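Position one of the sequence shown corresponds to residue 5 (my numbering), numbered consecutively onward. Glycine included, every Cβ here is placed at the ideal spot set by N, Cα and C. On a predicted model such as this, the values are computed, not experimentally measured, just so you know. Heads up, the thing below is written out as structure tokens.
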Amino acid sequence: MNRFPNLFRIEAEKTCSIASRYNSPLQSFSGCWRWSRNLISDVERSEWSDFLSLLNPLKLSCSEDKWCWIGGSASMFSVAAVKCFLRSNVDFSSNYVFKWSKWVPKKVNILAWRAQMGRIATVDALARRNCFNGDESCVLCGDGQETADHLFRSCAVASEVWFLVSRWCKISPIFAFSLEDLLEVHDFSGLGGKAKDILKGIVMVGWWCIWKARNDRRFSNKYSSAASIVQDIKALGYLWYSNRSKDREVSWENWFSFSFM
Ligand SMILES: [Zn+2]
């Protein structure tokens, strides 16, 4: 109904299931529909071709669904196989695996980890839980709904922050299509060794500073420009890196010009 509204419109039996329209002898979804007429318009034909490309690779059988163990080479589920699986460090879920940065404080890692999952108190998340009924637009740019993805990535202020960060780190401009892309930007930056590890942490410090700027604006009506957020990133980043990493000798000049031996 939602995905293929034009096909749904011409189906006579609106409450039918997709499985009941499966043609078992032909092993396809053709010939079992109760459409009120043939497909006429281009949009109907295009929906039909989308439908086929989505579902035709699927083969339905009459046998019952069953659970199957994919956690190891043995096809049988056993406690020993679970032990092997846990020790193998393989993840079969499609969840994004967040990699922590050692030189930034835990509170920053936790903010980044939760933000990536959309589990921070942005107004869209609060509104979903019936805890907010005011203006949901972003306080930094005034344009677009405040979501974690907007605030840290697509917001005009955030985009400027990432542009300034890329100039500071002497890498090509950062283009991210998701928060995960931002967290992995160091892998595709062309940087190596120490600088790569630093950039990974800087993205998280960036989120921390953007979140702080958002809170200052929302709760104290204090305005922070992208340039001042980047100043905060540089200062806080230096404080944390010079105190928490093994590289205690790094000078402010090196940090400021992003040159590391
Ligand atoms: Zn914004």
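**Message:** Is C213 near ligand 1 - that is, is its Cβ less than 6 angstroms away from at least one heavy atom of it?
**Reply:** no
**Request:** Can you check DSSP and say which residues form a bridge with S141?
**Result:** Q149
**Prompt:** Is V143 near R222, with beta carbons less than 7 angstroms apart?
**Reply:** yes
**Request:** For N60, collect the residues of the same chain with a Cβ closer than 7 angstroms to its Cβ; drop the 5 residues on either side in sequence, then sort them by chain order.
**Result:** S32 and F33
**Message:** Is any non-hydrogen atom of ligand 1 found closer than 6 angstroms to the C-beta of L144, if you look at the structure I gave you?
**Reply:** Indeed, a heavy atom of ligand 1 lies less than 6 angstroms from the Cβ.
**Message:** Please tell me whether, using a cut-off of 6 angstroms, the distance from the CB of C36 to the nearest non-hydrogen atom of ligand 3 is below it.
**Reply:** Absent from the structure shown: ligand 3. Ligands present: ligand 1.
**Prompt:** Mind checking Y227: buried by the 16 CB within 10 Å criterion, or exposed?
**Reply:** Burial is judged here by how many other beta carbons sit within 10 angstroms of a residue's own beta carbon; Y227 has fewer than 16 and is exposed.
**Asked** Going by the CB atoms, is the gap between W212 and L130 shorter than 7 angstroms?
**Response** For L130 and W212, no; Cβs fall outside 7 angstroms.
**Request:** Examine the Cβ distances between the region 67-87 and the region 46-54 and report whether three or more of them are shorter than 8 angstroms.
**Result:** Three or more Cβ pairs closer than 8 angstroms define a contact, and the region 67-87 falls short of that threshold against the region 46-54.
**Prompt:** Short check: CB of L43 to CB of W37, under 7 angstroms?
**Reply:** no
**Asked** What is the C-beta distance between E184 and Q120, in whole angstroms, given that I count them as a contact (C-beta under 8 angstroms)?
**Response** A Cβ-Cβ separation of about 7 angstroms places E184 in contact with Q120 under the 8 angstroms criterion.
**Asked** Less than 6 angstroms between the CB of C66 and some heavy atom of ligand 1, yes or no?
**Response** no
**Message:** Can you tell me which residues form a DSSP beta bridge with N27?
**Reply:** N27 pairs with S32.
**Prompt:** Counting along the chain, where does the alpha helix (DSSP H) carrying I178 start and finish?
**Reply:** No alpha helix (DSSP H) contains I178, which DSSP labels as neither H nor E.
**Asked** Among R41, S40 and N27, which residue has its Cα nearest to the Cα of L62?
**Response** Relative to L62, the option among R41, S40 and N27 whose CA is nearest is N27.
**Asked** Does K87 have its Cβ less than 7 angstroms from a Cβ in chain D?
**Response** Reference to chain D is not applicable here, since this structure consists of a single protein chain.
**Item:** Where the alpha helix (DSSP H) containing Y242 begins and where it ends
**Value:** A230 to R248
**Asked** What are the boundary residues of the alpha helix (DSSP H) that K200 is part of?
**Response** G197 to S224
**Item:** A152 beta carbon less than 7 angstroms from that of I124
**Value:** yes
**Separation of I178 from W166, as counted between CA atoms** = 6 angstroms
**Prompt:** Beta carbon of C159: closer than 6 angstroms to some heavy atom of ligand 1?
**Reply:** yes
**Request:** Please check the pair M208 and N99, which I expect to be a contact at CB under 8 angstroms, by giving their CB distance rounded to whole angstroms.
**Result:** Incorrect: roughly 19 angstroms between the Cβ atoms, too far for contact.
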